[in-house]
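Only one structure is covered here, and it is reproduced in the block below.
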């Protein structure tokens, strides 16, 4: 009877709030559908919306997360604030029933209310997304809604405990914990590791039960519970530090290294606080104007305005056009290794009789045993194109599943070299489509090259190489065009897991500068990729004497 009375009482207390929240959810998702429909109607091609989601992480439904958290706040406040104000919680603690049972059933009622509203919102969001997006993106939307529901439950439990708690400092702590949890776990991408939220929710039920005990001037005395508080706090602190380092911490780049063709030596720019820069070489320093004059291939625009071009270097003369045509730049950062949340890529189809690559209406997705091509206009599979691509790849000997896809996903490029795929056996394939024809090629990887961990496609008008490749032994290669030859670049002490690099091409040289924000290095190569010189400089001013000493001069 008591249990039935609890459910009846809580239903009478919450039903209008639940109805209002359901109406709010339906209205919010209805507006979301209207806005999304307008965007798909106004953007041409509509596949750009797929691109924004898959490649940029622009999720159109992210503002609806407030529904899940707002519902938790409303239900917690409606359920327990009146009881606390009117001091009716004390009556609950003296009912002829175990307090654990009474607390559990009250939390079950509130939790079911949150689950109901969250499920309604999630189903509506998924139905809207399914109308415009392929299954791979719809699944991501469903996953996000699931984790938002977990956050809602965590916020409900924490807020409920804070409302009931009698001690001011404990109340503040119990309010702070769910707020910190929501702050740390409200993010753009969720992974399997985030299911730890379920365990945290179970722990929060103990925190709420402790608040009910405070009404009777009692506490949970379990040493395990007291120890868990410290464990949870340390865990949240660790999560906060990791998230700050991953998303918000900015690294200060102390030095920029270049090679001067006029001085035939490396030069540096030292970046100090307050926009205070120092320029120099191993033996001397100079002002900004001299620095730019010593780097004519970097500051050629300034020299052109100053009418100092063409410039004579040795027996060669370089004008504005020759410098601009030879320039090329490719970068690498360790975060390039992180895969996209959804494996959906635009399938370009340039026409040989047109100068501009249109953004495609098709996109392909990775399945465990094949590639699937979707038509954006109908949000259905193009079975004939899917079969054609899989047939070509199987003829080349590919083994599914495909582990990595590398390529430029923008149409703002002079031509399209397609995508480089790594299969489950580590083999590399080149997939491209043009003039409505699919072509594939097996990239011949030499036996002494370790497993490829990253490829960056250049698609530069020079067409001297496809891009660069990095293997698991920290070796960097240029991938020559058109024969896919692996050209090693000697980068001493390079570590792809913790260092970035920047490859710069000019009319005379290739230079790669790389660093770990502590030691800055540079390596110089000629146009045949032969190493010419190296240098390094430490960000530690105590080792300033080591600045810029080429290992051998050209």
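In this note's numbering, the protein residues as written are 170 to 723.
The C-beta atom is built at its ideal place from N, Cα and C for all residues, glycine as well.
Computed from a prediction, not measured in an experiment: that's the story for all the values here.
Practice prompt. Check whether the Cβ atoms of residue 438 and residue 421 lie closer than 8 Å to each other.
Written response: Residue 438 places its beta carbon 8 Å or farther from that of residue 421.
Item to complete: Find the nearest neighbour of residue 515 within the set 575, 398, 192, judged by alpha-carbon distance.
Response: Checking every option, the nearest Cα to that of residue 515 belongs to 575.
Worksheet item: Opposite residue 490 in the DSSP bridges: which residues?
Response: According to DSSP, residue 490 shares a beta bridge with no other residue.
Practice prompt. Tell me where the beta strand (DSSP E) around residue 498 begins and ends.
Written response: Taken as a continuous stretch (DSSP letters only), the beta strand (DSSP E) holding residue 498 covers 497-501.
Worksheet item: Which residues does DSSP pair with residue 449 in a beta bridge?
Response: 437, 454.
Worksheet item: Is the beta carbon of residue 318 sitting closer than 8 Å to the one on residue 284?
Response: Yes.
Worksheet item: For residue 568, which of helix, strand or coil comes out of DSSP?
Response: Looking at residue 568 - three-state DSSP - the assignment turns out to be coil, as it is neither helix nor strand.
Discussion item. Under 8 Å, with one C-beta from each stretch per pair, do the segment 357-375 and the segment 319-326 reach the 3-pair mark?
Written reply: Counting Cβ pairs under 8 Å, three or more are found: they touch.
Worksheet entry | Those runs of the beta strand (DSSP E) which lie wholly inside the segment 350-436 and span at least 3 residues | DSSP runs (the beta strand (DSSP E)) wholly in the segment 350-436: 424-429.
Practice prompt. For residue 581, name the three-state secondary structure that DSSP assigns.
Written response: Reduced to three states, the DSSP call for residue 581 is coil.
Practice prompt. Would you mind stating whether residue 431 and residue 474 have Cβ atoms separated by less than 8 Å?
Written response: In this structure, residue 474 does not lie closer than 8 Å to residue 431 by Cβ.
Discussion item. Which of the three DSSP states is assigned to residue 700 in this structure?
Written reply: DSSP places residue 700 in strand when its eight states are reduced to three.
Practice prompt. Starting from the Cα of residue 359, find the closest Cα among 187, 315, 348, 345 and give me that residue.
Written response: Measuring from the Cα of residue 359, the nearest candidate turns out to be 315.
Worksheet item: Any idea which residues DSSP pairs residue 690 with across the strands?
Response: The beta-bridge partner set that DSSP reports for residue 690 consists of 683, 705.
Practice prompt. Excluding the 5 residues preceding and the 5 following residue 720 in the sequence, name in chain order all residues of the same chain whose CB lies nearer than 7 Å to its CB.
Written response: Confidence at residue 720 is low in this model, with a pLDDT of 47, below 50, so the placement of that residue is unreliable and no value is reported for it.
Worksheet item: Which residues does DSSP pair with residue 602 in a beta bridge?
Response: Looking at the DSSP assignment, residue 602 forms a beta bridge with 607.
Fill in: For residue 636: DSSP bridge partner residues
Paired residues: 626, 648.
Worksheet entry | N-terminal and C-terminal residue of the alpha helix (DSSP H) that residue 252 is part of | In this chain, the alpha helix (DSSP H) harbouring residue 252 covers 234-254.
Discussion item. Can you tell me where the beta strand (DSSP E) holding residue 331 begins and where it ends?
Written reply: Element bounds for residue 331: not the beta strand (DSSP E) but the alpha helix (DSSP H), 304-333.
Item to complete: Taking 8 Å as the threshold, find out whether the segment 400-419 comes into contact with the segment 673-691 through three or more Cβ pairs.
Response: The segment 400-419 is not in contact with the segment 673-691.
Item to complete: Report yes or no: do three or more beta-carbon pairs, one from the segment 297-312 and one from the segment 330-340, lie closer than 8 Å?
Response: These segments do not touch.
Worksheet item: In whole angstroms, what is the alpha-carbon distance linking residue 652 and residue 611?
Response: Residue 652 and residue 611: Cα-Cα distance of roughly 11 Å.
Fill in: Contact check, residue 478 vs residue 627, beta carbons under 8 Å
No. Outside cutoff.
Discussion item. I'd like the list of long-range same chain contacts for residue 343, defined as Cβ closer than 7 Å, with 5 residues on each side in sequence excluded.
Written reply: Answer for residue 343: 327, 330, 331, 334, 376, 380, listed in chain order.
Discussion item. Rounding to the nearest angstrom, what Cα-Cα distance links residue 396 and residue 306 in this structure?
Written reply: Answer to the nearest angstrom: the Cα atoms are 41 Å apart.
Worksheet item: Which class does residue 277 belong to by DSSP, given the choice of helix, strand or coil?
Response: DSSP places residue 277 in the helix class (H, G or I) of the three-state scheme.
Item to complete: Give me whichever residues DSSP pairs with residue 537 in a beta bridge.
Response: Residue 537 is not bridged to any residue.
Worksheet item: What is the DSSP secondary structure of residue 517, counted as helix, strand or coil?
Response: Correct three-state label for residue 517: coil.
Fill in: Contact check, residue 247 vs residue 182, beta carbons under 8 Å
Going by C-beta atoms, residue 247 is nearer than 8 Å to residue 182.
Fill in: Beta-carbon spacing of residue 569, residue 594 below 8 Å
The Cβ-Cβ distance between residue 569 and residue 594 does not fall below 8 Å.
Worksheet item: How long is the line joining the alpha carbons of residue 266 and residue 274, rounded to whole angstroms?
Response: Roughly 12 Å separates the two Cα atoms.
Worksheet item: What do you get for residue 413, buried or exposed, if any count of 16 or more other CB atoms within 10 angstroms of its CB means buried?
Response: So residue 413 counts as exposed.
Worksheet entry | Alpha carbon of residue 623 to alpha carbon of residue 590, nearest angstrom | Looking at the two C-alpha atoms, the distance is approximately 10 Å.
Practice prompt. Go to residue 575, then tell me how far its beta strand (DSSP E) extends in each direction, as first and last residue.
Written response: Its beta strand (DSSP E) spans residues 573-575.
Discussion item. I need the DSSP call for residue 173, collapsed to helix, strand or coil.
Written reply: In this structure, DSSP gives residue 173 a helical state, which the three-state scheme calls helix.
Discussion item. Let me make sure I understand the geometry here. Which of 194, 230, 223, 224 has the alpha-carbon closest to that of residue 241?
Written reply: Nearest to residue 241 by C-alpha distance, out of 194, 230, 223, 224, is 194.
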